[in-house]
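Data block below; observations after.
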Amino acid sequence: MSPYVLALLLFSLGLGTTMTFASSHWLLAWIGLEINTLAVIPLMTQNHHPRAVEATTKYFLIQATAAAVLLFAGTTNAWLTGQWEIQQDAHPLPVAIITLALALKLGLAPLHSWVPEVFQGLDLATGLILATWQKLAPLALLLQIQPPSSYLLILLGLTSTLIGGWGGLNQTQLRKILAYSSTAQLGWMVLVLQFSPSLTTLAVSVYIATTAATFLTLKLAKATNINMLAISWAKAPALVALTPLVLLSLAGLPPMTGFMPKWLILQELSKQGLAPTATLAALTALLSLYYYLRITYTMTLTMFPNNLTGTPPWRLRTRKITLPLACLAITTISLLPLTPAAVALVAL
Numbered sequence: 001m002s003p004y005v006l007a008l009l010l011f012s013l014g015l016g017t018t019m020t021f022a023s024s025h026w027l028l029a030w031i032g033l034e035i036n037t038l039a040v041i042p043l044m045t046q047n048h049h050p051r052a053v054e055a056t057t058k059y060f061l062i063q064a065t066a067a068a069v070l071l072f073a074g075t076t077n078a079w080l081t082g083q084w085e086i087q088q089d090a091h092p093l094p095v096a097i098i099t100l101a102l103a104l105k106l107g108l109a110p111l112h113s114w115v116p117e118v119f120q121g122l123d124l125a126t127g128l129i130l131a132t133w134q135k136l137a138p139l140a141l142l143l144q145i146q147p148p149s150s151y152l153l154i155l156l157g158l159t160s161t162l163i164g165g166w167g168g169l170n171q172t173q174l175r176k177i178l179a180y181s182s183t184a185q186l187g188w189m190v191l192v193l194q195f196s197p198s199l200t201t202l203a204v205s206v207y208i209a210t211t212a213a214t215f216l217t218l219k220l221a222k223a224t225n226i227n228m229l230a231i232s233w234a235k236a237p238a239l240v241a242l243t244p245l246v247l248l249s250l251a252g253l254p255p256m257t258g259f260m261p262k263w264l265i266l267q268e269l270s271k272q273g274l275a276p277t278a279t280l281a282a283l284t285a286l287l288s289l290y291y292y293l294r295i296t297y298t299m300t301l302t303m304f305p306n307n308l309t310g311t312p313p314w315r316l317r318t319r320k321i322t323l324p325l326a327c328l329a330i331t332t333i334s335l336l337p338l339t340p341a342a343v344a345l346v347a348l
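Numbering (the UniProt record's numbering), first residue to last: 1 to 348.
The structure is reproduced here in structure tokens:
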């Protein structure tokens, strides 16, 4: 792809998300989401592979359906209330439909079926954009609207954490595992979204850092399934030593950074009188922990079968830029001591 075309597409991605962030009008927010979708489609098809084309088609159809439902709900709300403003009081029925449309765009369960199939057809770089940047605009709209019933978001969040953990248990393809991981992590954010928007923002920031570090690690290892990770130790021993810590941070284990948002979310849910919800969410996190540990075990404690004994694999110096991965890995592992500062920011 030409650098000028790539720059134009990345600029359009930023423009669409920024327009949705800044809009207070449903029509402008919808236009921002459409610009975002149309800008990422050429990035998804740049490999010209049948699977990439299939994944792009599925993604386009799902996003177009969600956008049509969103526009319909916004128009219905304007018809019932006489105004297009996002933050004004809205009719409960259109708001519920908008919430479900945004859940479809985000890939929240039970509207998540397209996410693993789309991720499986893409390369890891484009998958990283879909897992991080493409989630920001719908989440910003969810933060601005007030759902008619708090139980809708709680149900979406709990279902996402459960299915996101359950769906990845028997997967061997790393991109599908990361897709289910994304669904589970988004479920945690949606659980606390209506009670503490600032805590949701913190969770999104930590999620982007940990997910980006995981995607870049797998991209550097050139791994697409779990078995390919067994030879990673011969290519980059230092990276293999660091990767389990990144994965355990994504799982939310202390003393890594990923423990901070989950800890604060459980605390906030308990304060709101939702202790059973917090308990169920904590138990569903164990499902996700299983497949993170499975990847860790494959990378560090197994050896790929080698029939030619004594033939060492090549260890060529990598030409790829590893500074972003190093910075993200440090962020993912070592920011838990800053939890008091994060709590102070959330309380503002």
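Note that the Cβ used here is the ideal one computed from N, Cα and C, for glycine as well.
In DSSP terms, what residue i is bridged to
{"i": "residue 85", "result": "25"}
{"i": "residue 424", "result": "The structure shown does not extend to residue 424, since the chain is modelled only from 1 to 348, so the question has no answer here."}
Between the CA atoms of residue j and residue i - distance to the nearest angstrom
{"i": "residue 235", "j": "residue 45", "result": "29 Å"}
{"i": "residue 257", "j": "residue 141", "result": "26 Å"}
{"i": "residue 145", "j": "residue 124", "result": "32 Å"}
{"i": "residue 216", "j": "residue 297", "result": "19 Å"}
{"i": "residue 229", "j": "residue 333", "result": "21 Å"}
{"i": "residue 275", "j": "residue 1", "result": "51 Å"}
{"i": "residue 143", "j": "residue 303", "result": "46 Å"}
{"i": "residue 89", "j": "residue 42", "result": "38 Å"}
{"i": "residue 206", "j": "residue 92", "result": "32 Å"}
{"i": "residue 56", "j": "residue 273", "result": "42 Å"}
{"i": "residue 40", "j": "residue 13", "result": "7 Å"}
{"i": "residue 293", "j": "residue 199", "result": "27 Å"}
{"i": "residue 175", "j": "residue 346", "result": "33 Å"}
{"i": "residue 270", "j": "residue 326", "result": "36 Å"}
{"i": "residue 245", "j": "residue 27", "result": "43 Å"}
{"i": "residue 252", "j": "residue 82", "result": "45 Å"}
{"i": "residue 8", "j": "residue 282", "result": "42 Å"}
{"i": "residue 155", "j": "residue 188", "result": "11 Å"}
{"i": "residue 85", "j": "residue 69", "result": "17 Å"}
Option in the options with minimal Cα separation from residue i
{"i": "residue 100", "options": "157, 216, 204 and 11", "result": "157"}
{"i": "residue 268", "options": "233, 341 and 193", "result": "193"}
{"i": "residue 19", "options": "37, 6, 3 and 5", "result": "37"}
{"i": "residue 238", "options": "114, 299 and 111", "result": "299"}
{"i": "residue 118", "options": "50, 205, 240 and 286", "result": "50"}
{"i": "residue 247", "options": "279, 209, 271 and 228", "result": "209"}
{"i": "residue 98", "options": "113, 88, 77 and 110", "result": "77"}
{"i": "residue 320", "options": "105, 211, 132 and 219", "result": "219"}
{"i": "residue 159", "options": "73, 132, 17 and 107", "result": "107"}
{"i": "residue 285", "options": "103, 67, 202 and 169", "result": "169"}
{"i": "residue 255", "options": "339, 15 and 112", "result": "339"}
{"i": "residue 87", "options": "171, 135 and 25", "result": "25"}
{"i": "residue 128", "options": "95, 179, 47 and 282", "result": "179"}
{"i": "residue 130", "options": "226, 10, 252 and 331", "result": "10"}
{"i": "residue 242", "options": "137, 17, 329 and 63", "result": "329"}
{"i": "residue 172", "options": "61, 202 and 224", "result": "224"}
{"i": "residue 183", "options": "213, 226, 135 and 214", "result": "135"}
Residue i, buried or exposed, once every other Cβ within 10 Å from all chains shown has been counted against 16
{"i": "residue 147", "result": "buried"}
{"i": "residue 80", "result": "exposed"}
{"i": "residue 301", "result": "exposed"}
{"i": "residue 279", "result": "exposed"}
{"i": "residue 112", "result": "buried"}
{"i": "residue 165", "result": "buried"}
{"i": "residue 104", "result": "buried"}
{"i": "residue 59", "result": "buried"}
{"i": "residue 6", "result": "exposed"}
{"i": "residue 138", "result": "buried"}
Nearest-angstrom Cβ-Cβ length linking residue i and residue j, presumed shorter than 8 Å
{"i": "residue 96", "j": "residue 152", "result": "6 Å"}
{"i": "residue 264", "j": "residue 343", "result": "7 Å"}
{"i": "residue 362", "j": "residue 240", "result": "For residue 362 there is no data in the structure shown, the boundaries of the chain being 1 and 348."}
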